[in-house]
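**Q** Here the protein sequences come in this chain order: A and B. In terms of the working numbering, the numbers along the first sequence are unbroken and rise by one, the last being 324. In terms of the working numbering, the numbers along the second sequence are unbroken and rise by one, the last being 324. We put the beta carbon where it would ideally sit given N, CA and C, even for glycine.
There are 2 protein chains.
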Amino acid sequence: MTARAIETITIIGATTWGNTIGALLARKKMDVRVWVKSETRAREFNEAQKKLPADGTSSAIYYTSSMAASLDSADMVIFAVPAQSVRQTTRQFKGYIPRDAVVVNLAKGLEASSGKRMTEIISEEIPSTSRRNICVLSGPNLSQEINRGLPATSILAAYSGDTVKMAQKVFDSPNFTVFPSRDVVGVEICGALKNVISLGAGMVDGLGLGNNAKATLITFGWDEALKMGLKLGAKHSTFHSLAGLGDLITTSAGSLSRNHYVGREVASGRTLSEVKASMSNIAEGIDTTMAVHRLNHKLKLDLPVIELVYRILFLSFPPVELANRLSSGFIRK
Amino acid sequence: MTARAIETITIIGATTWGNTIGALLARKKMDVRVWVKSETRAREFNEAQKKLPADGTSSAIYYTSSMAASLDSADMVIFAVPAQSVRQTTRQFKGYIPRDAVVVNLAKGLEASSGKRMTEIISEEIPSTSRRNICVLSGPNLSQEINRGLPATSILAAYSGDTVKMAQKVFDSPNFTVFPSRDVVGVEICGALKNVISLGAGMVDGLGLGNNAKATLITFGWDEALKMGLKLGAKHSTFHSLAGLGDLITTSAGSLSRNHYVGREVASGRTLSEVKASMSNIAEGIDTTMAVHRLNHKLKLDLPVIELVYRILFLSFPPVELANRLSSGFIRK
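#1: Suppose you measure from the CA of B/Gly201 to the CA of A/Ser246; what does that come to, to the nearest Å?
#2: By how many angstroms is the C-alpha of B/Gln159 removed from the C-alpha of B/Ile188?
#3: Starting from B/Phe167, follow its DSSP beta bridges and name the residues at the other end.
#4: Which same chain residues, not among the five before or five after B/Ala143, have their C-beta less than 6 Å away from its C-beta?
#5: Between the segment 212 to 232 of chain B and the segment 171 to 185 of chain B, do three or more beta carbon pairs fall short of 8 Å?
#6: List in chain order: all unbroken beta strand (DSSP E) runs of 3+ residues lying wholly within the segment 80 to 136 of chain A.
#7: Would you verify that the beta carbon of B/Trp213 is, or is not, closer than 8 Å to some beta carbon of chain A?
#8: So which residues of chain B does A/Asn132 contact, with C-beta pairs closer than 7 Å?
#9: Quick check on B/Ala5: does DSSP put it in helix, strand or coil?
#10: Could you pull the start and end residues of the alpha helix (DSSP H) that A/Tyr150 belongs to?
#11: Three-state secondary structure (DSSP) at A/Ile69?
#12: Determine the DSSP secondary structure at B/Ser172, reduced to helix, strand or coil.
#13: From B/Ala60 to B/Glu(-2), what does the alpha carbon distance come to, in whole angstroms?
#14: Quick one: which chain A residues come within Cβ less than 9 Å of B/Glu136?
#15: Looking at C-alpha atoms only, which residue of A/Ile112, A/Glu116, A/Asp163, A/Ala148 is the closest neighbour of B/Ile322?
#16: Spell out whether any CB of chain B is found under 8 Å from the CB atom of A/Pro310.
#17: Of the choices B/Ser76, B/Gly13, B/Ile180, whose alpha-carbon is the least far from that of B/Tyr406?
#18: Below 8 Å between beta carbons: does that hold for A/Ile88 and A/Thr110?
#19: Thinking just about the alpha-carbon of each residue, which of A/Thr262, A/Ala92, A/Gly4 is nearest to the one in A/Pro118?
#20: Here's the rule: buried if 16 or more other CB atoms are within 10 angstroms of the residue's CB, otherwise exposed. What is B/Leu43?
#21: Cβ of B/Leu317 less than 8 Å from any chain A Cβ?
#22: Judging by CA-CA distance, which residue of B/Ala5, B/Val296, B/Ala98 is the nearest neighbour of B/Leu208?
#23: Going by C-alpha distance, which of B/Thr210, B/Leu15, B/Lys185, B/Leu147 is nearest B/Glu275?
#24: Relative to the C-alpha of A/Phe70, which candidate in A/Ala45, A/Ala51, A/Asn96, A/Phe84 has its C-alpha closest?
#25: Measuring straight from C-alpha to C-alpha, what distance separates B/Leu62 and B/Leu294?
#26: In angstroms with no decimal places, state the Cα-to-Cα distance between A/Asn37 and A/Thr80.
#27: Between the segment 251 to 265 of chain A and the segment 281 to 289 of chain A, do at least 3 Cβ pairs fall closer than 8 Å?
#28: Under a CB-based cut-off of 8 Å, is A/Ala74 close to chain B?
#29: Anything in chain A within Cβ reach of B/Ser232, meaning under 9 Å, just list it in chain order.
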């Protein structure tokens, strides 16, 4: 890869977070295109944009449902689809992605069927893209706050130092400070596992066990995430970085996340399928809990908190079992 | 110290947390005495207790204002006074503390004037007590939840393995699981510094900067706490233990703590003295922020988050400076 400037950026998926990143890059006057599934939606987005006052603070975003048009001579391709759609989406798009383009993944999760990380899947599915060109952006980033211009920080991780520098410059903005990392594995494991812990924290809240118990669950759960991360080659320091501790705090400690909601509802006695049916958006932690369980079949780590979350979600274990285990600080007495 | 059983326990200070621990030990049928400053209060406490139904689930607690009576043949002495009172209290009591008694400190903070840890002060002031006999209990422990019997966990740290084992057994209860640690320095630094970070998190909330910004502040602030801890000999792992991450989450992420309240009010434009005057209880983080600032005069570490909290609290720096620094992710551009 040559150290060229990145000017043309394609975002695949007009998700909330994809649109937030699109708006952020448009404010930097970059050439942003967004691929949208339906032609009608693309047209609507383009029309809506024309109605905005052209105050010169942003470049226009071009929405299209054409894969070829969206990716033509793109310097950077950003996948903004849910974790469980990444494999299928990359398969669908791989013929259109320019060989030298930097590929960035935004989804936080592991593939349920394989336990694989998102960049692993991208590498598998787009073999023409060098692993050196693949990045991940992850941090404590609630979209609605970034849209309001409130200050936030994030981490851009890639295996190659050149790619990190180049991609960091693309995202780094006033009020959105991006820090570099070479620990792709750690950043991805943190982003995925904090959602599992958030499910567990929601269960503690659903059971009405209080903040002390919730802190116990988060602390032990995070220690299990660290254990798994280290086994997979992650760096310890990533776990207390913005992509680790920072994201864990925004997701687990509050009650705003969708994963927390699912945990709370399941602990209150609803079935997982009822809860899922009632939601319009995906709670990434559900499938990732399955993924972690499967991944651990190979790793054989002792992960009592994560395994209990898995059992309550998927094996109909009574949620009160979590209360029992917390009564003895997760020690089997 | 011989490995004798601990039966008679004296708690110095009928603070909220002291009383919670007293009740916990009384439920374990231990011989608990509580020293209270005023004779009238001691009498009131004893009278109130007589009125409770004697259902056999707890032993009676004996309240007294006599230093000699409270400490006579005590096996364990628990200091339950605010951090800035520990030196004066230990001075006052040292003539009465049995030589072999295990001494436990509950206060989380550093001495404002010296930057010293609580167990350092106890060692200095009660030279007859071996350093091996001094412990600290610290964790994510909101009193009101423990009083309600909700599950909680904590850490008992001492330099001596024998003391840890002995003291852990005293506190470990159903719904209050106590884990052992030998990292006294780490446990004390974590307990003290999370209050400083909570002040900063309160400031972020007072400025209305959102959860992303708060996560940035907590992550960077905690990294500074770690840096300081490591310099003082703390173990890294303590920072993601119950006494570290666990306590940080309960204190900083929510908005229940007194420190958070102080930070929020100061960021909203009130002076520190106004805010202090409006509170009936002490926010330990205030004096500890001063202590950390002084301690760092010797350590010479780069602690931008903690120093900014210090300047806003004590040097009338405009709180908006925190917003400015967060806009660039605390990077000086």
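**A** Well, looking at it:
#1: When rounded, the distance between both Cα atoms is 14 Å.
#2: Distance between the alpha carbons of B/Ile188 and B/Gln159 is about 28 Å.
#3: Under DSSP, B/Phe167 shares a beta bridge with B/Ala143, B/Ser164.
#4: Excluding positions up to five away in sequence, the list reads Asn132, Ile137, Phe167.
#5: Inter-segment contact for the segment 212 to 232 of chain B and the segment 171 to 185 of chain B is present: three or more beta-carbon pairs are separated by less than 8 Å.
#6: Listed in chain order, the complete beta strand (DSSP E) runs (minimum 3 residues) inside the segment 80 to 136 of chain A are 93 to 96, 125 to 129.
#7: True, the Cβ-Cβ gap to chain A drops below 8 Å.
#8: Asn203, listed in chain order.
#9: Of the three classes helix, strand and coil, the one that applies to B/Ala5 here is coil, per DSSP.
#10: In the DSSP assignment, A/Tyr150 falls outside any alpha helix (DSSP H), carrying neither H nor E.
#11: Three-state DSSP puts A/Ile69 in a strand.
#12: The answer is strand: DSSP assigns B/Ser172 an E or B state.
#13: Note on geometry: alpha-carbon atoms of B/Ala60 and B/Glu(-2) lie some 16 Å from one another.
#14: By Cβ distance, chain A contributes Leu200, Gly201, Asn202, Asn203, Ala204.
#15: Considering only alpha carbons, the answer is A/Asp163.
#16: Chain B, which has no Cβ nearer than 8 Å to the Cβ of A/Pro310, makes this no.
#17: Nothing can be reported for residue 406 of chain B: it is not among the residues displayed for chain B, which extend from -8 to 324.
#18: Contact flag unset, no.
#19: Distances from the alpha-carbon of A/Pro118 to those of A/Thr262, A/Ala92, A/Gly4 put A/Ala92 closest.
#20: With a threshold of 16 other beta carbon atoms within 10 Å, B/Leu43 falls short and is exposed.
#21: So, interface residue.
#22: Taking the Cα of B/Leu208 as reference, the smallest distance to any Cα among B/Ala5, B/Val296, B/Ala98 is reached at B/Val296.
#23: Checking every option, the nearest Cα to that of B/Glu275 belongs to B/Lys185.
#24: The shortest C-alpha separation from A/Phe70 is found at A/Asn96.
#25: If you take the alpha carbons of B/Leu62 and B/Leu294, they lie about 42 Å apart.
#26: Rounded to whole angstroms, A/Asn37 to A/Thr80 spans 23 Å at the Cα level.
#27: At 8 Å Cβ cutoff, the stretches do not touch.
#28: So no, A/Ala74 is outside the interface.
#29: Listed along chain A, the residues sitting closer than 9 Å to B/Ser232 by beta-carbon distance are Thr210, Asp214.
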